[in-house]
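Inspection log for the structure reproduced underneath, given as structure tokens.
In the working numbering, the protein residues as written are 160 to 239.
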């Protein structure tokens, strides 16, 4: 699924960040492919706000549509 489809409060693992410039920016915030993040907030028609540790990072909706994620394994274990 893409990052823009994640529900608020859901924990996901970043699988692919296809844009190299975005990938570089994410790394500066300690987020890379394989990182686990929580969807903190989704602004209607606006950014997706992620939480990693104590940081909140706003990701533009168009960029979020290009980032591939999957639900976190330990969350899946709790729900099923």
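Here a beta-carbon is modelled for each residue, glycine too, at the ideal position from N, C-alpha and C.
Since the structure is predicted, the reported quantities are computational estimates derived from the model, not experimental observations.
Whole-angstrom C-beta distance between residue 192 and residue 175, which should lie under 8 Å: Here the question's residue 175 lines up with position 16 in the chain shown. Here the question's residue 192 lines up with position 33 in the chain shown. Confirmed, about 6 Å.
On the DSSP bridge assignment, give the partners of residue 227 in chain order. Taking the chain shown and counting its residues from 1, the one referred to as residue 227 is at position 68. BP columns for residue 227 point to 161, 175.
The region 199 to 207 contacting the region 177 to 191, beta-carbon criterion three pairs below 8 Å: no
Could you have a look at residue 183 and say whether DSSP puts it in helix, strand or coil? Working through the chain shown from its first residue, we reach residue 183 at position 24. Helix at residue 183.
Tell me whether residue 212 is buried or exposed, calling it buried when 16 or more other Cβ atoms sit within 10 Å of its Cβ. Counting from 1 along the chain shown, the entry for residue 212 is found at position 53. Exposed, because fewer than 16 other Cβ atoms sit within 10 Å of the Cβ of residue 212.
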